[in-house]
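Presented below is the structure to which this report refers.
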Amino acid sequence: MDPIVVLTIFTLSIFVGFEVVSKVSTTLHTPLMSGANAIHGIILFGAIMVADKSTTTLATSLSVAAIVLATINMVGGFVVTDRMLEMFKGKGGKK
Amino acid sequence: MNSTLYSLLGLAVAVSFIMALKGLSAPKTARRGNLIGAVGATVATVMVFFAPSKEAHHNTALIIGAIAFGVIVGVPAARKVQMTQMPQLVALFNGVGGGAAALVSIVEYLHAEGSSVGVAAKIATVFTVVVGSISFSGSVITFLKLQEIMTTRPVVFPGGRFVIAATLAGTLGTAVYLVGHYEKTTALLVLGFLSLAFGILFVLPVGGADVPIVISLLNAFTGLTVAAGGYVLDSTLLIVAGTLVGASGTILTRLMAAAMGRSLFGTLFGAFTAKPQAATGAAEARPVKSASPDDVAILLNYAQRVVIVPGFGLAVAQAQHTVRELADLLAAKGVDVAYGIHPVAGRMPGHMNVLLAEANVPYEQLVEMDEVNPTFPQTDVVLVVGANDVVNPAAKTTPGCPIYGMPILDVAQAGNVIFLKRSMRPGFAGIENELLYDAKTSLLFGDAKESLTKVVNALKNL
Numbered sequence: 013m014d015p016i017v018v019l020t021i022f023t024l025s026i027f028v029g030f031e032v033v034s035k036v037s038t039t040l041h042t043p044l045m046s047g048a049n050a051i052h053g054i055i056l057f058g059a060i061m062v063a064d065k066s067t068t069t070l071a072t073s074l075s076v077a078a079i080v081l082a083t084i085n086m087v088g089g090f091v092v093t094d095r096m097l098e099m100f101k102g103k104g105g106k107k
Numbered sequence: 119m120n121s122t123l124y125s126l127l128g129l130a131v132a133v134s135f136i137m138a139l140k141g142l143s144a145p146k147t148a149r150r151g152n153l154i155g156a157v158g159a160t161v162a163t164v165m166v167f168f169a170p171s172k173e174a175h176h177n178t179a180l181i182i183g184a185i186a187f188g189v190i191v192g193v194p195a196a197r198k199v200q201m202t203q204m205p206q207l208v209a210l211f212n213g214v215g216g217g218a219a220a221l222v223s224i225v226e227y228l229h230a231e232g233s234s235v236g237v238a239a240k241i242a243t244v245f246t247v248v249v250g251s252i253s254f255s256g257s258v259i260t261f262l263k264l265q266e267i268m269t270t271r272p273v274v275f276p277g278g279r280f281v282i283a284a285t286l287a288g289t290l291g292t293a294v295y296l297v298g299h300y301e302k303t304t305a306l307l308v309l310g311f312l313s314l315a316f317g318i319l320f321v322l323p324v325g326g327a328d329v330p331i332v333i334s335l336l337n338a339f340t341g342l343t344v345a346a347g348g349y350v351l352d353s354t355l356l357i358v359a360g361t362l363v364g365a366s367g368t369i370l371t372r373l374m375a376a377a378m379g380r381s382l383f384g385t386l387f388g389a390f391t392a393k394p395q396a397a398t399g400a401a402e403a404r405p406v407k408s409a410s411p412d413d414v415a416i417l418l419n420y421a422q423r424v425v426i427v428p429g430f431g432l433a434v435a436q437a438q439h440t441v442r443e444l445a446d447l448l449a450a451k452g453v454d455v456a457y458g459i460h461p462v463a464g465r466m467p468g469h470m471n472v473l474l475a476e477a478n479v480p481y482e483q484l485v486e487m488d489e490v491n492p493t494f495p496q497t498d499v500v501l502v503v504g505a506n507d508v509v510n511p512a513a514k515t516t517p518g519c520p521i522y523g524m525p526i527l528d529v530a531q532a533g534n535v536i537f538l539k540r541s542m543r544p545g546f547a548g549i550e551n552e553l554l555y556d557a558k559t560s561l562l563f564g565d566a567k568e569s570l571t572k573v574v575n576a577l578k579n580l
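So the sequence lines, in the order shown, correspond to chains A and W.
Quick note: the first sequence uses the numbering used here, first residue 13, plus one each step.
Quick note: the second sequence uses the numbering used here, first residue 119, plus one each step.
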């Protein structure tokens with residue numbers, strides 16, 4: 013990829029990241045952190061990519077380990093965030 | 119899969135993550151936002167199997183098996199964890215994500231032919247290995263601290279600063295060497311180990327109260343690691359998703375630090391400035407006033423206004439339902455009841471809100487610190503349930519103590535203060551609380567849930 017294109021994507025993503033969370037209330041700090049934590053579990057996508065082209069034992073075992081860790085991060089992250097938010101249910105209308 | 123379609127799907131996933139973060143920042147849309155993110159992540163995981171590629175696929179069965187294994191480990195952990203242990207679980211999930219990102223870059227580096235790796239890709243690889251490893255080992259230490267497997271106090275040893283500085287210098291030196299040379303084995307291994315060591319040394323001197331900030335910071339680190347991994351793998355999706363988490367995580371860390379009255383810099387570089395503290399003098403046996411559940415019930419019964427200040431002890435005792443019962447009972451008797459919520463009460467910002475929401479406490483009874491503080495002079499009784507540091511006046515009066523400068527709930531302004539405590543042990547930050555010895559303070563010792571149940575029963579019999 014052209015480094016300038018990468019830099020552009022990177023810079024714009026920073027601004028989007030700043031913007032979307034700048035008005036979060038204290039109540040949601042923990043679930044938001046946990047949700048963002050689940051999102052970086054997307055490294056699973058990269059782990060599968062490298063596992064798919066691994067041919068040596070070393071590369072295969074490292075990438076399989078990466079897949080296991082990334083899956084725990086992603087799936088566990090979304091589930092635990094949902095559990096936190098479940099407790100806010102039925103409150104939406106009252107606020 | 120057609121490569122245009124593949125790229126468009128990747129774009130859709132990136133958008134779903136933006137919508138997820140946006141949704142998560144407002145109470146009404148939070149749960150839906152999380153769901154949108156989960157759907158996006160699932161789409162990404164499936165589509166990668168159909169990546170447009172001329173090369174043969176390898177290890178497909180192994181990959182699916184590894185995902186299944188990860189699900190089997192991750193889901194039950196997330197479902198079964200107690201509310202009190204949520205923070206350390208999030209820390210662990212974050213750590214394994216950082217570890218995964220470091221492994222991914224290492225594998226990609228192993229695949230590459232020496233001459234074909236550009237300088238930018240080498241920098242990105244080295245960055246991923248360093249920051250991913252720091253995130254991994256640092257998160258493990260935060261887990262051990264929060265689980266109280268190791269001490270929650272800052273761990274500082276003589277010469278610690280120099281050890282940390284040397285580790286950092288070694289890490290940076292190896293990193294620079296690897297950018298200049300292509301070497302698959304030794305140097306990469308050394309880099310990984312040095313980074314892991316630095317992660318441990320970096321978190322050890324952080325005091326208990328600052329741990330949530332560090333978790334949030336490491337979360338942002340992992341995001342950036344994933345973004346750098348995306349550059350190594352030539353994946354726009356990873357770059358966007360990782361950067362989003364890195365940026366939003368940084369903002370979140372700053373917001374948390376602000377809520378605790380900490381400078382981010384101070385927390386971050388505490389490792390370099392912390393000095394070994396002389397052990398504080400043996401705790402002298404000073405008289406405290408203890409109260410029986412009946413005394414507390416009477417005091418509450420004749421109060422006009424009661425503020426309940428919940429803390430980690432409430433979470434430990436799982437007393438959120440009992441405290442609600444007490445509040446309802448008082449409200450039925452015409453007492454004005456509110457909960458004074460300190461932003462960092464518990465082990466994570468917003469911990470108390472989540473806990474009390476579970477017990478269906480009406481949202482409008484939860485009053486944030488800035489709003490509740492001016493009302494304390496008109497408050498007859500403050501019931502502190504398992505909180506300590508967030509009401510400790512030392513934050514105002516004792517310069518140099520670990521929580522100095524943190525905004526606190528001014529409960530000393532109220533007519534009476536009742537502490538529900540298990541023992542005289544100081545709070546998470548490990549500082550003595552002068553308020554316990556104050557004339558208007560009484561203490562009801564015991565498990566918060568049992569004490570509250572006794573008070574509720576006494577109140578019913580009045």
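Even for Gly, the Cβ is constructed at its ideal location relative to N, Cα and C.
None of these values were measured; they are calculated from a predicted model.
Got a sec? Which residues, its chain only, sit under 7 Å from residue i by beta carbon, not counting five neighbours each side?
i: residue 597(W); result: Nothing can be reported for residue 597(W): it is not among the residues displayed for chain W, which extend from 119 to 580.
i: residue 382(W); result: 371, 372, 375
i: residue 89(A); result: 46, 49, 50, 53
i: residue 217(W); result: 250, 254
i: residue 554(W); result: 406, 537, 561
i: residue 157(W); result: 134
What residues of chain W sit near residue i, judged by a beta carbon separation below 7 Å?
i: residue 84(A); result: 188, 191, 192, 211, 214
i: residue 44(A); result: 142, 143, 370
i: residue 79(A); result: 181, 184, 185, 188
i: residue 74(A); result: 221, 224, 225
i: residue 21(A); result: 354, 357, 358
i: residue 26(A); result: 361, 365
Which of helix, strand or coil does DSSP assign to residue i?
i: residue 477(W); result: coil
i: residue 366(W); result: helix
i: residue 454(W); result: strand
i: residue 267(W); result: coil
i: residue 557(W); result: coil
i: residue 406(W); result: coil
i: residue 145(W); result: coil
i: residue 27(A); result: helix
i: residue 543(W); result: coil
i: residue 424(W); result: strand
i: residue 90(A); result: helix
i: residue 185(W); result: helix
So with CB distances below 8 Å, who are the chain W contacts of residue i?
i: residue 70(A); result: 228
Sorted by chain position, which residues of the same chain lie with C-beta nearer than 8 Å to residue i's C-beta, five sequence neighbours on each side aside?
i: residue 152(W); result: 138, 141, 142
i: residue 396(W); result: Because the pLDDT of residue 396(W) is 38, which lies under 50, any placement of that residue in the model is unreliable, and the number read from its coordinates should be weighed accordingly. Nothing listed; no residue qualifies.
i: residue 297(W); result: 237, 240, 241, 244
Please return the same chain residues whose Cβ sits closer than 6 Å to the Cβ of residue i, not counting the five positions on each side in sequence.
i: residue 119(W); result: 168, 170
i: residue 265(W); result: 206
i: residue 333(W); result: 209, 260
i: residue 283(W); result: none
i: residue 571(W); result: 440
Quick one: which chain A residues come within Cβ less than 8 Å of residue i?
i: residue 356(W); result: 54, 55, 57, 58
i: residue 347(W); result: 55, 58
i: residue 139(W); result: 29, 32, 33, 44, 47, 48, 51
i: residue 351(W); result: 58, 61, 62
Quick one: list the residues of chain A neighbouring residue i, beta-carbon separation under 9 Å, in chain order.
i: residue 373(W); result: 33, 34, 36, 38, 41
i: residue 173(W); result: 64, 65
i: residue 163(W); result: 54, 56, 57, 60, 83, 86
Could you work out which residues of chain W lie near residue i, taking near to mean beta carbons separated by less than 9 Å?
i: residue 94(A); result: 149, 152, 153, 156, 196
How would you list, in chain order, the residues of chain A whose beta-carbon sits under 7 Å from the beta-carbon of residue i?
i: residue 217(W); result: 81
i: residue 135(W); result: 51
i: residue 340(W); result: 52
i: residue 468(W); result: 38, 39, 40, 41, 42
i: residue 176(W); result: 64, 65, 66, 67
i: residue 461(W); result: 38
i: residue 334(W); result: 45
Worksheet entry | Cβ pair count under 8 Å reaching 3, the stretch 168-177 of chain W against the stretch 191-202 of chain W | No, the stretch 168-177 of chain W is not in contact with the stretch 191-202 of chain W.
- In chain order, which beta strand (DSSP E) runs of at least 3 residues are fully inside the stretch 464-540 of chain W? Fully enclosed beta strand (DSSP E) runs of no fewer than 3 residues occupy 484-486, 499-503, 534-539 of the stretch 464-540 of chain W, in order along the chain.
- Counting Cβ pairs closer than 8 Å, one from the stretch 75-91 of chain A and one from the stretch 512-530 of chain W, do we hit at least three? no
>> If contact is defined by three or more beta carbon pairs under 8 Å, each pair taking one atom from either stretch, is the stretch 234-248 of chain W in contact with the stretch 339-351 of chain W?
In response: The answer is yes - the stretch 234-248 of chain W touches the stretch 339-351 of chain W, with three or more Cβ pairs under 8 Å.
- Message: Which runs of the beta strand (DSSP E) at least 3 residues long sit entirely within the stretch 211-270 of chain W? Give them in chain order.
- Response: none
Are at least three pairs of beta-carbons, each pair with one atom in the stretch 445-456 of chain W and one in the stretch 416-423 of chain W, less than 8 Å apart?
At 8 Å Cβ cutoff, the stretches touch.
Q.
Within 8 Å, do at least three Cβ pairs link the stretch 14-21 of chain A to the stretch 66-74 of chain A?
A. no
How do the stretch 222-231 of chain W and the stretch 180-190 of chain W stand: do at least 3 beta-carbon pairs fall below 8 Å, yes or no? no
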